[in-house]
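Quick notes on the structure that follows.
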Amino acid sequence: MKKIIVLLLVLVLVTGCRNNNSNIVNKFNKKIKNLDSYYLSGDLELRNNDEVYNYDVEVSYENKKYYKVSLKNKANDSTQVILKNDDGVFILTPSLNRSFKFQSDWPYNNSQVYLLKAISRDIIEDSDYSFSESKKYYTIRTKVNYPNNKDLVKQKIILNKKLNLVKVIVYNKDDIPEMEFKVKKIDYSPSFKKDYFNINTIMNTFNENIEVKETMTLEDTIYPLSLPTGTNLTNEEKIKKTNGERVLMTFEGDKPFLLVEETANREEEFTIIPTNGVPYQLMDTLGVMTDNSLNWSSNGIEYYLVSDVLSSDELVTIAESIYALPTMK
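Note that this note's numbering has the sequence shown beginning at 3, numbered continuously upward.
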């Protein structure tokens with residue numbers, strides 16, 4: 003009889019804890035769901051083996067559909083903006099006076115460490131999430147959804163006792179953290195001007211302060227340090243263009259691809275380039291990912307990587323291996 007009573011008490015305690023955990027998580031999700039607007043700022047750290055890249059991040063959200071995400075690379079003070087408004091989704095690159103325009107579901111199609119609704123959605127969609135509590139914080143562990151980087155598999159979401167986001171850490175399949183976002187400030191009732199999410203207003207703000215530094219020559223070709231097995235560089239050609247240089251590298255073998263590197267030139271007039279791709283966060287820049295290509299600009303050089311056979315994961319692996327000093331073939 004005593005054993006039965008003890009067992010019942012244990013079940014009551016366990017059930018009570020689960021219900022309490024569920025209530026806390028539900029309160030957080032309800033809080034985020036009911037937000038009409040918010041502004042947050044924080045520090046984003048991206049890790050690629052021994053390389054670490056740091057960003058100042060500012061996120062603005064309004065009217066359940068407008069987003070403005072400013073990402074400033076702390077190493078070179080270069081800023082890019084992801085913008086979602088009535089006209090579509092854009093990646094703005096003020097240094098090049100250029101924007102890519104997407105017909106995309108961003109930010110509703112994958113996880114995002116700095117977007118509150120994306121974080122809440124990850125919790126809701128993971129029926130196996132785990133919950134723990136310390137003296138100051140709640141910790142929720144969930145799966146993640148990064149379709150173009152299957153190496154990222156889970157995240158740890160840390161909230162304070164007021165259910166405000168404190169930190170998000172994303173781990174790879176080897177349980178190594180690859181992304182970490184720390185919140186510095188959250189405002190749930192910000193006031194945005196009428197044209198705050200207007201693309202021309204944003205670009206004009208940057209153009210007033212930007213210093214243009216263009217590279218006219220490719221002093222060294224930068225080769226990928228990671229290649230698919232059975233694939234090698236078979237041809238390299240340097241071409242003069244009107245305002246600079248371009249290098250075309252052909253890789254052949256089991257998984258062939260083409261890599262183009264060229265000097266990046268600032269557009270005289272603001273230019274919007276339509277694309278069928280999606281925004282993709284590489285290590286030190288935002289790029290454009292399509293079904294068979296990845297292109298981005300970094301440190302005065304534009305890169306275009308294309309293949310009919312490589313997966314998006316393989317394209318990313320090659321692209322991230324280019325972030326090194328120029329090397330021999």
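Heads up, the beta-carbon is just placed ideally off N, CA and C, and yes, glycines get one too.
I'd like to check one pair, residue j with residue i: are the Cβ atoms closer than 8 Å?
{"i": "Ile121", "j": "Leu167", "result": "yes"}
{"i": "Asn267", "j": "Asn78", "result": "no"}
{"i": "Gly44", "j": "Val146", "result": "no"}
{"i": "Ile275", "j": "Val83", "result": "no"}
{"i": "Tyr55", "j": "Met285", "result": "yes"}
{"i": "Tyr80", "j": "Phe92", "result": "Residue identity differs from the one stated: residue 80 is Ser in this sequence, not Tyr. No, Cβ-Cβ distance for Ser80 and Phe92 is not below 8 Å."}
{"i": "Leu46", "j": "Phe183", "result": "yes"}
{"i": "Asn151", "j": "Val308", "result": "no"}
{"i": "Asp38", "j": "Lys66", "result": "yes"}
{"i": "Leu161", "j": "Tyr140", "result": "yes"}
{"i": "Pro109", "j": "Tyr68", "result": "no"}
{"i": "Val61", "j": "Tyr148", "result": "no"}
{"i": "Leu296", "j": "Met181", "result": "no"}
{"i": "Thr207", "j": "Asn99", "result": "no"}
{"i": "Glu263", "j": "Ile303", "result": "yes"}
{"i": "Gly289", "j": "Asp256", "result": "no"}
{"i": "Asp153", "j": "Asp315", "result": "yes"}
{"i": "Ser106", "j": "Val280", "result": "yes"}
{"i": "Pro179", "j": "Val170", "result": "no"}
Could you spell out where the alpha helix (DSSP H) holding residue i opens and where it closes?
{"i": "Lys119", "result": "Leu118 to Glu127"}
{"i": "Ser314", "result": "Ser314 to Glu322"}
Who pairs with residue i in a beta bridge, going by DSSP?
{"i": "Tyr63", "result": "Tyr40 and Tyr69"}
{"i": "Asn56", "result": "Glu47"}
{"i": "Trp298", "result": "Tyr305"}
{"i": "Asn237", "result": "Thr252"}
{"i": "Ser132", "result": "Arg143"}
{"i": "Gln157", "result": "Thr144 and Val172"}
{"i": "Phe2", "result": "The structure shown does not extend to residue 2, since the chain is modelled only from 3 to 331, so the question has no answer here."}
{"i": "Asn162", "result": "Tyr139"}
{"i": "Gly246", "result": "Lys243"}
{"i": "Asn75", "result": "Tyr57"}
{"i": "Leu167", "result": "Leu161"}
Distance, Cα to Cα, residue i vs residue j?
{"i": "Thr287", "j": "Ile224", "result": "17 Å"}
{"i": "Asn209", "j": "Tyr57", "result": "20 Å"}
{"i": "Phe30", "j": "Ile159", "result": "12 Å"}
{"i": "Tyr305", "j": "Leu229", "result": "16 Å"}
{"i": "Thr265", "j": "Arg248", "result": "7 Å"}
{"i": "Lys103", "j": "Lys33", "result": "31 Å"}
{"i": "Asp130", "j": "Asn174", "result": "18 Å"}
{"i": "Thr329", "j": "Ser323", "result": "Any reading at Thr329 must be qualified, since the residue scores a pLDDT of 38, below 50, and its modelled position is unreliable; the value itself is stated next. Taking the straight line from one Cα to the other gives about 11 Å."}
{"i": "Lys137", "j": "Glu254", "result": "57 Å"}
{"i": "Lys242", "j": "Lys163", "result": "60 Å"}
{"i": "Val132", "j": "Arg123", "result": "Correcting the residue identity first, residue 132 is Ser in this sequence and not Val. Ser132 and Arg123: Cα-Cα distance of roughly 15 Å."}
{"i": "Glu270", "j": "Ser97", "result": "11 Å"}
{"i": "Ser313", "j": "Phe194", "result": "40 Å"}
{"i": "Ser134", "j": "Lys196", "result": "42 Å"}
{"i": "Thr95", "j": "Lys156", "result": "30 Å"}
{"i": "Leu73", "j": "Ile26", "result": "31 Å"}
{"i": "Asn245", "j": "Leu261", "result": "20 Å"}
First and last residue of the beta strand (DSSP E) that includes residue i?
{"i": "Met285", "result": "Unbroken run through Met285: none, as it is neither H nor E."}
{"i": "Asn87", "result": "Thr81 to Asn87"}
{"i": "Lys202", "result": "A small fix is needed here, since residue 202 is Asn in this sequence, not Lys. Counting along the chain, Asn202 falls outside any beta strand (DSSP E), though it belongs to the alpha helix (DSSP H) covering Ile201 to Asn209."}
{"i": "Glu182", "result": "Pro179 to Asp189"}
{"i": "Lys103", "result": "Arg100 to Phe104"}
{"i": "Phe259", "result": "Phe259 to Thr265"}
{"i": "Gly90", "result": "Gly90 to Thr95"}
{"i": "Ser274", "result": "Note that residue 274 is Ile in the sequence shown here, rather than Ser. Element bounds for Ile274: Thr273 to Thr277."}
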